[in-house]
Amino acid sequence: AEDTGVRVELNEEDDGKKASIALKLWVEDAKKLKGKYKDTGAIEFTFDLLNEVAEVVAQEMVDSGFFLECDVKIVGKSIRDRVALIKWRRERTVSPGN
Amino acid sequence: SATAQVVHSAGRRFIVSPVPESRLKDY
Chain A
1 AEDTGVRVEL NEEDDGKKAS IALKLWVEDA KKLKGKYKDT GAIEFTFDLL
51 NEVAEVVAQE MVDSGFFLEC DVKIVGKSIR DRVALIKWRR ERTVSPGN
Chain B
101 SATAQVVHSA GRRFIVSPVP ESRLKDY
């Protein structure tokens, strides 16, 4: 995946069943962000794989003061890429059926 | 512990914690 400077990782073991999963996001390379990033640490949150949109969560992080508005796309893309990977892994581990 | 909670108006809970060791990468 493209290196956005923002890293998103699972914050719990994925059992492949839960719709809502714990994620952890932090900035690895602040230079990739457009705005001035105030280093607050890692942000832990839950994400509903079925019903939520990465960009909406990114906007909530902006609204909460973690990032500036100009970086909402980078944060959203970082979350979306990780979510896509989680979904892809789940599909691979599901039996193709009969 | 060094954690803090931020609750967004939409109800989502963000918990701020120390960055994992893996952040240490070569620049």
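Protein chains in written order, with my numbering: chain A, 1 to 98; chain B, 101 to 127.
Cβ atoms here follow ideal geometry from the backbone N, Cα and C, with glycine treated the same way.
Note that the structure is a prediction, hence the values are computed from the model and not measured.
{"Check": "Cutoff 7 Å: residue 64 of chain A Cβ touching any chain B Cβ", "Outcome": "yes"}
{"Check": "Spatial neighbours of residue 48 of chain A in its chain, beta-carbon cut-off 7 Å, leaving aside the 5 residues before and after", "Outcome": "19 and 20"}
{"Check": "Residue 44 of chain A versus A:79, A:74 and A:32, residue with shortest Cα-Cα distance", "Outcome": "A:79"}
{"Check": "Closest by C-alpha distance to residue 31 of chain A, when choosing among A:24, A:39 and A:15", "Outcome": "A:39"}
{"Check": "Nearest candidate by alpha-carbon position, reference residue 51 of chain A, set A:6, A:87 and A:24", "Outcome": "A:87"}
{"Check": "Contacting residues, own chain, Cβ-Cβ under 8 Å from residue 93 of chain A (five flanking each side not counted)", "Outcome": "16"}
{"Check": "Contacting positions in the region 35-64 of chain A - beta carbon closer than 8 Å to chain B", "Outcome": "40, 41, 42, 43, 44, 45, 46, 57, 60, 61, 63 and 64"}
{"Check": "Contact test: residue 78 of chain A Cβ vs the ligand GDP heavy atom, cutoff 6 Å", "Outcome": "The ligand GDP is absent from the structure shown, which contains no ligand whatsoever."}
{"Check": "Contact check, residue 90 of chain A vs residue 8 of chain A, beta carbons under 7 Å", "Outcome": "no"}
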